[in-house]
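S.K.: One structure, as structure tokens, below. Some questions next.
Take a look at the structure:
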């Protein structure tokens, strides 16, 4: 909301020494937040003076235009007192007119510097200005012609044009809809400085009578008050006076025609939207009703609209003539030929206005006010003010008829204890202050032994609850009076176990050289196509968005890999030789349990209702994705570097498992976007979990096509895990380990197995066969080649034996080793190399 | 061998030992002067051939001479070995300025570490960290927070809705704020409640230097007997001081949020100019644009309607709530000009924060 300071001051007598900054500071403290202070003068550097056109000679040009070579008296402003020669392209003036002249050296908005320059065969020493050139609006039809009494040649045009007027732009919150009017802003200013206030909506209005234009309201809930007045004999050629144009423009609206400008002016002044009809186009009585499903009308913006039974419409015998409170219709719109006017000042149900505006995507100055709530008591005053201005400025005659249908809705009073503001704010506020402050905002206050009964003022539809009144009291006392006191908190339990584990996971990955990224969780078919996911892949079953930002990514993602891959490719593209990135975040899988219910808010939903609500939400597990692309270890003076590969990805999973005390086993798998031969599904060792193997996710080398498609170096690796599942298996209380300090006995064995026998299976068999004396087994070499033969591989294991209570003998050790090998032979067909 | 010859052999040996410059030379000296064929060894062997009365004296002389040589050898050996070891250490000197960055460093994201810093400040006060799903029930995101279906504030937050079946609405949104976590907390536990909720939220903003469809918030909620705005102010002042330094406080301005009443905007005293608005040179402070204060977030007393919808006895309990943007806080705390740096994933950005947060 933009408010010229002079307009505010018309209704409030502020102390003379109050600056605009002091005014806006105080208003901000009260809740009308300053957005900016504008002044047209800020963008203009003088000299900008009043000039009187002495001569003008039209000179047709080769390009078809006719320019005027003028001499203009600018008084002593040019230093010589001689007439100034200026070329002007406009034609809407004549000798003797007062105009606005910027002299050489001046600068107009946009940094447009004026100098004496040769043009059309003359030296033009300055410029005669239009409103647009001065930043005063869009009007570029011609130059500004000042009223004859505006001043004399050489006068400062800043003053004459009101360019130094300061305009305050406020951010108006929904609970301060009254701030969308000069009436409301001035009232707050009066409150801020305890200054005298004159309510522009407080005026004597004629009594309603039977001679008014006939109006029937079928829906008094939707339209509680409808006031109609008429003005006849209005001069359609009368132009809007400069002061009104200036104020409307400063307030951010466009001047249109005198009649329309007057309705807008009164709306800005009082906050009450007014609609003017061309009286001659009205046919029969006006009727206000709800629309019938499918009815159509064309609003004055030229759009044809199909209406809903919830829309309030204004009709006459011809049909619908307006979308009530939101926008008028085309058929009865006032034009430049309108001489007879019907003025409508009606109060509309705010919720209905909001819905209609939303349904038809109409945003108008009237709708903005009507949907936030307008003072329902000022319809007669606002209509009367419009009539007054139409008569005064447009030479019309006020019709004798005064139509008033309905009355403002009764206002419910609110009971409040007089110590509530103190109890809520923590400020020591005396009961008298509570009453004073409530009265200061215009409320009626009755005090008795039970407390206060408060009726809020009609311009404050937002105030319905005791706590609303608390805010009113406290904002006047001043938010700066709120003391700073720490509450006495209950004993907290610290971070939860999962919160601690999540931190641990992040730190472990960072410690392993991975950098965390945060990506947008949106995905679509193209995303999944790039990953090569098959058509029936569960990850293609997404939670779709009704209003996605991008048609390419219309759903919440089921996998974090695309975001991390994109970030990795971006780093590589920016010259990084290698990158290890990770992201943790939730993904979503639909549960298809129907819409989530919307409950009332007058009570807590019962447990069954809450359960239904929670069940309707998608499943949202916490995932981890890691992408390892390019150089994992750098080359340097120590030797060669090393690129990341499948083993790094699986290694990270094992590292996390170790960190959380979970034994994670990789098993051969085939799943896009991984390389079909280099992908592991990661399974929690059943012995540490519930007994059934739980799949945590996958890790390995990315498919070559995926790397190529998404701009990653070949052999990039990746993993994606369900962290909720991993954390669910995290070790709880770890029993302290016991270990032997007797000597270690070492046995190394090399076993030849078929290529497709997993090393883990051989290791497990060895472990099983070796018995209790085995302390550890570790694969330290894999050999394939001529000595082994096609289709086989040799796995070398280091077996380490130790007894808890004695030094092992050689025969005990070799017996254990032989048993291990025998078991491996039995289970995996292993043959010991000798 | 004559006595003087023995002495001479001994002296020659001792001189040679003293002159041995390194272990190699000493080894040669040992062979030459103490080996089997050395003069003293030969003299020792001659002793047996001497007449018995001469043996004792000769034996003594030769024995003493050999003893002196042997001792000198041992001493010299020790000195030379020590010198040798010292020389090896000198020779093994490396250039410690060589790079050691074989494995590039990892880092956690400043949004993560910043959220943890905030959480830790509150946990230290006895608060707990509450969490909830990002895809949330419309009822929890709006209705329970006093944002009814026709509340104008619903249009203030442009919401991502999930698609329902056919034309039906899903009743499910991408949460527009972390406030539904507050509602969930009140629905699931009895007061006293002191929780802080950091998390990811969504609004349909176009992506630019200061807007993002996804960003991060932290909200706090306290519900207890006798809670007032003063406790809200005290808590936020403490938070500000912990996050930005002692002496950095907050101020309140009246505002509007459906879930709080009274409501306030929270401004943070500028931690760079400390509220002055300008630097030493007199130029306007760049962090607060000369205002002395930075807009930080919103707060207020929990609207009793919200307490009621969430099953808290609004007659017995009052509460306060506050919320601010984590991304925005990071932006002004670290002087970032473009929000998008947080979401690009450039490792140069993320690693720069180190452990400061």
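Chains as they are written, first to last, in the numbering used here: chain A, 969 to 1802; chain B, 257 to 613. Positions of the beta carbon are idealized from the N, C-alpha and C atoms, including for glycine.
(1) Does the count of Cβ pairs from the segment 575-591 of chain B and the segment 466-476 of chain B closer than 8 Å reach three?
(2) Taking 6 Å as the limit between beta carbons, can you name the residues of its chain near residue 1657 of chain A, skipping five residues before and five after?
(3) With residue 452 of chain B and residue 1588 of chain A assumed to form a contact (beta carbons below 8 Å), what rounded beta-carbon distance in angstroms separates them?
(4) Quick one: grab the DSSP three-state call for residue 316 of chain B.
(5) Chain A beta carbons: is any one of them nearer than 8 Å to that of residue 465 of chain B?
(6) With a CB to CB cut of under 7 Å and the five nearest residues on each side skipped, what residues in its chain are close to residue 1702 of chain A?
(7) By the criterion of Cβ-Cβ separation under 7 Å, what are the contact partners of residue 1547 of chain A in chain B?
(8) Do the CB positions of residue 952 of chain A and residue 1359 of chain A come within less than 8 Å of each other?
(9) Which residues, in chain order, does the segment 1499-1531 of chain A contribute to contact with chain B at a C-beta distance below 9 Å?
(10) Relative to the C-alpha of residue 1705 of chain A, which candidate in A:1772, A:1712, A:1766, A:1018 has its C-alpha closest?
(11) Is residue 991 of chain A buried or exposed, if buried means 16 or more other CB atoms sit within 10 Å of its CB?
(12) With a threshold of 16 other CB atoms inside 10 Å of the CB of residue 538 of chain B, please say whether the residue is buried or exposed.
(13) Helix, strand or coil for residue 1060 of chain A, going by three-state DSSP, please let me know.
(14) Would you please verify whether the beta carbon of residue 441 of chain B is less than 8 Å from any beta carbon of chain A?
(15) Measuring only the C-alpha atoms, how far is residue 419 of chain B from residue 1211 of chain A?
(16) What does residue 1606 of chain A reach in chain B if we use C-beta pairs closer than 8 Å?
(17) So what does DSSP say about residue 1382 of chain A, is it helix, strand or coil?
(18) Determine the burial state of residue 1608 of chain A: buried for a count of at least 16 other Cβ atoms within 10 Å of its Cβ, exposed for fewer.
(19) Any idea what DSSP makes of residue 400 of chain B, helix, strand or coil?
(20) For the candidate residues A:1632, A:1333, A:1336, A:1306, whose alpha-carbon lies nearest to that of residue 1691 of chain A?
(21) In the structure shown, what three-state DSSP assignment does residue 1787 of chain A receive?
(22) Would you report the Cα separation of residue 301 of chain B and residue 273 of chain B, rounded to the nearest angstrom?
(23) By DSSP, does residue 367 of chain B sit in helix, in strand, or in coil?
(24) Whose Cβ in chain A lies nearer than 7 Å to the Cβ of residue 559 of chain B?
(25) Among residues of its own chain, excluding the 5 on either side of residue 415 of chain B, which ones have a beta-carbon nearer than 6 Å to its beta-carbon?
(26) Whose CA, out of A:1378, A:1243, A:1369, A:1349, lies closest to the CA of residue 1312 of chain A?
(27) If you follow the beta strand (DSSP E) that residue 1216 of chain A is in, where does it begin and where does it stop?
(28) Look up residue 1019 of chain A in the DSSP assignment and give the residues it is bridged to.
(29) At which residue ranges does the segment 455-515 of chain B contain complete alpha helix (DSSP H) runs of 4 or more residues, listed in the order of the chain?
(30) Per the DSSP calculation, residue 972 of chain A is bridged to which residue(s)?
(31) Give the residues from the segment 487-499 of chain B that approach chain A closer than 9 Å (Cβ to any Cβ), ordered along the chain.
(32) Tell me, please, whether the CB atom of residue 1486 of chain A is closer than 8 Å to any CB atom in chain B?
(33) How would you list, in chain order, the residues of chain B whose beta-carbon sits under 8 Å from the beta-carbon of residue 1141 of chain A?
(34) Return helix, strand or coil for residue 1606 of chain A, following the three-state DSSP convention.
(35) Go ahead and pull the three-state DSSP assignment for residue 1488 of chain A.
M.R.: Put simply:
(1) yes
(2) Counting from one through the first chain, the residue named residue 1657 of chain A turns up at place 689. For residue 1657 of chain A, the predicted model reports a pLDDT of 49, less than 50, meaning its position is unreliable; a value from the coordinates is still stated below. So the qualifying residues of the chain are 1697.
(3) Numbered from 1 along the second chain, position 196 holds the residue referred to as residue 452 of chain B. Numbered from 1 along the first chain, position 620 holds the residue referred to as residue 1588 of chain A. That pair is no contact at about 21 Å.
(4) The residue given as residue 316 of chain B occupies position 60 in the second chain. In this structure, residue 316 of chain B counts as helix in the three-state DSSP scheme.
(5) On the second chain, position 209 is the one that residue 465 of chain B refers to. False, the Cβ-Cβ gap to chain A never drops below 8 Å.
(6) Residue 1702 of chain A sits at position 734 when you count from the first residue of the first chain. Around residue 1702 of chain A: 1629.
(7) Within the first chain, the letter at position 579 stands for residue 1547 of chain A. Those are 603, listed as they occur along chain B.
(8) Given that chain A is displayed from residue 969 to residue 1802, the structure contains no residue 952 of chain A and the question cannot be resolved.
(9) 1511, 1512, 1513, 1514, 1515, 1516, 1517, 1522, 1523, 1524, 1531
(10) If you number the first chain from 1, residue 1705 of chain A lands on position 737. Residue A:1772 is the option with its Cα nearest to residue 1705 of chain A.
(11) Here residue 991 of chain A refers to the residue found at position 23 of the first chain. Buried: at least 16 other Cβ atoms inside 10 Å.
(12) Stepping through the second chain from its first residue, residue 538 of chain B is reached at position 282. Answer is exposed; the Cβ neighbour count stays below 16.
(13) Counting from one through the first chain, the residue named residue 1060 of chain A turns up at place 92. Coil.
(14) The count along the second chain starts at 1 and reaches residue 441 of chain B at position 185. Taking Cβ atoms only, chain A never reaches closer than 8 Å to residue 441 of chain B, which makes this a no.
(15) As a working note, residue 419 of chain B is residue 163 in the second chain. As a working note, residue 1211 of chain A is residue 243 in the first chain. For residue 419 of chain B and residue 1211 of chain A, the distance between alpha carbons rounds to 52 Å.
(16) Locating residue 1606 of chain A in the first chain gives position 638, counting from the first residue. Around residue 1606 of chain A, the beta-carbon contacts reaching into chain B at under 8 Å are 358.
(17) For the purposes of this step, residue 1382 of chain A is identified with residue 414 of the first chain, where counting begins at 1. Note: residue 1382 of chain A maps to strand in three-state DSSP.
(18) Residue numbering aside, residue 1608 of chain A sits at position 640 when the first chain is read from its first letter. Label assigned to residue 1608 of chain A: exposed.
(19) As a first step, residue 400 of chain B must be located in the second chain, where it is residue number 144. Residue 400 of chain B: helix per DSSP, three-state reduction.
(20) Position 723 of the first chain, counted from the first residue, corresponds to residue 1691 of chain A. If we check each option's Cα against that of residue 1691 of chain A, A:1632 comes out closest.
(21) Taking the first residue of the first chain as position 1, residue 1787 of chain A is located at position 819. Residue 1787 of chain A falls in the helix class under three-state DSSP.
(22) Residue 301 of chain B sits at position 45 when you count from the first residue of the second chain. Residue 273 of chain B sits at position 17 when you count from the first residue of the second chain. Cα to Cα, the separation comes out at about 22 Å.
(23) Walking along the second chain from the start, residue 367 of chain B turns up at place 111. Of the three classes helix, strand and coil, the one that applies to residue 367 of chain B here is helix, per DSSP.
(24) For this step, residue 559 of chain B is matched to residue 303 along the second chain. Residues of chain A passing the Cβ test: 1435.
(25) Within the second chain, the letter at position 159 stands for residue 415 of chain B. These residues qualify, in order along the chain: 429, 432.
(26) By 1-based counting over the first chain, the position of residue 1312 of chain A is 344. It is A:1243 whose Cα lies nearest to the Cα of residue 1312 of chain A.
(27) As a working note, residue 1216 of chain A is residue 248 in the first chain. Note, residue 1216 of chain A: premise wrong, no beta strand (DSSP E); alpha helix (DSSP H) at 1210-1218.
(28) Your numbering for residue 1019 of chain A matches position 51 in the first chain. Beta-bridge analysis with DSSP links residue 1019 of chain A to A:1067.
(29) Counting only runs of at least 4 residues, the segment 455-515 of chain B fully encloses the following alpha helix (DSSP H) elements, listed from N- to C-terminal order: 485-500.
(30) For this step, residue 972 of chain A is matched to residue 4 along the first chain. Paired residues: A:1135.
(31) 487, 488, 489, 490, 491, 492, 493, 494
(32) Locating residue 1486 of chain A in the first chain gives position 518, where the first residue counts as 1. Judged by the 8 Å Cβ criterion, residue 1486 of chain A is in contact with chain B.
(33) One-based indexing of the first chain puts residue 1141 of chain A at position 173. Correct list: 511, 512.
(34) Your numbering for residue 1606 of chain A matches position 638 in the first chain. Coil at residue 1606 of chain A, not helix or strand.
(35) Within the first chain, residue 1488 of chain A is the residue found at index 520, counting from 1. Correct three-state label for residue 1488 of chain A: coil.
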